Amino acid sequence: MIPQISQAPGVVQLVLNFLQELEQQGFTGDTATSYADRLTMSTDNSIYQLLPDAVVFPRSTADVALIARLAAQERYSSLIFTPRGGGTGTNGQALNQGIIVDMSRHMNRIIEINPEEGWVRVEAGVIKDQLNQYLKPFGYFFAPELSTSNRATLGGMINTDASGQGSLVYGKTSDHVLGVRAVLLGGDILDTQPLPVELAETLGKSNTTIGRIYNTVYQRCRQQRQLIIDNFPKLNRFLTGYDLRHVFNDEMTEFDLTRILTGSEGTLAFITEARLDIT
């Protein structure tokens, strides 16, 4: 049984300072610190309950970048941030006692569809059934099936690499993600897609945050390729740790950071948009 929260603990001053500075710097979304708002974010589809200090509701990737840039400041280094979608995960991934970044209230737009090439670009807060209803007149659907598809967001599905009934036929979410837009701590924006290994190696030579990420993942996964293949379990669903095996394709001709982010449960970046393969 979930324990009862008998009183409403006050919000720590550091969190209030962060929210005030966030709004002063041009944040266009909403912020909430009332007990009612915090309580609604204290549970998900798991057995756990954690009361956050505050909730922020960004309206755009720029808002998320502002959150991440401010969060990287030394004075706010003790604060904890967790992205949240529909709260349908069963392991408590959407909970924390710090600041919840709710991606579902405003960032729920279907941005673009290309029926000829069979893909769609969406924001992280789009609900799976919402997308399929939109795709139906085009004769398409987004294949990964979930029992919670009427409330699960695509950002949450990507972060947990979700799948359900039908996954043996259609695969899991990561099999249908063509690329993502993600915001890193510090506010840098990372756009991912499959790249020729030569281009990935070139990007890794850049003395930037994104360049260092490319270089680290490229070198580690290439140098330890055989060790990864030999020791990572052969599972239909990859549910533990980062999916290092599939950063490179089997022929070692393509490199894709998307596979690191898919299933990372919000630990590496805030995913704000995705380009998805549709069936």
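For the sequence shown, position 106 matches number 106 in UniProt numbering, and the numbering has no gaps at all.
Every residue gets a Cβ at the ideal spot worked out from N, C-alpha and C, and that includes glycine.
It should be emphasised that the depicted structure is a prediction, and the values quoted were computed from it without experimental measurement.
Where the alpha helix (DSSP H) through residue i begins and ends
i: residue 18; result: 13–24
i: residue 228; result: 225–231
i: residue 39; result: 35–40
i: residue 64; result: 61–71
i: residue 168; result: 167–170
Burial state of residue i, where buried means 16 or more other Cβ atoms lie within 10 Å
i: residue 159; result: buried
i: residue 157; result: buried
i: residue 229; result: exposed
i: residue 96; result: buried
i: residue 149; result: buried
i: residue 123; result: buried
i: residue 226; result: exposed
i: residue 169; result: exposed
i: residue 206; result: exposed
i: residue 57; result: buried
i: residue 243; result: buried
Boundaries (first-last residue) of the beta strand (DSSP E) holding residue i
i: residue 272; result: 270–277
i: residue 31; result: 30–32
i: residue 178; result: 177–183
i: residue 27; result: Looking at the DSSP string, residue 27 is not in any beta strand (DSSP E), and its letter there is neither H nor E.
Cβ distance (whole Å) where residue i is taken to contact residue j below 8 Å
i: residue 53; j: residue 99; result: 6 Å
i: residue 290; j: residue 41; result: The structure shown does not extend to residue 290, since the chain is modelled only from 1 to 279, so the question has no answer here.
i: residue 186; j: residue 69; result: 6 Å
i: residue 110; j: residue 134; result: 5 Å
i: residue 154; j: residue 172; result: Not a contact, Cβ separation roughly 13 Å.
i: residue 19; j: residue 38; result: Actually they do not touch by this definition, with Cβ atoms about 13 Å apart.
Beta bridge counterpart(s) of residue i as assigned by DSSP
i: residue 194; result: Answer is none; residue 194 lacks a bridge partner.
i: residue 280; result: Past the edges of the chain, shown from 1 to 279, lies residue 280, and the structure says nothing about it.
i: residue 43; result: 49
i: residue 54; result: 99
i: residue 213; result: In DSSP, residue 213 forms no bridge with anything.
i: residue 189; result: 183
Inset, instruction - Would you list, in sequence order, the uninterrupted beta strand (DSSP E) runs of no fewer than 3 residues that lie entirely inside the segment 78–163? - result: 81–84, 99–102, 110–114, 119–123
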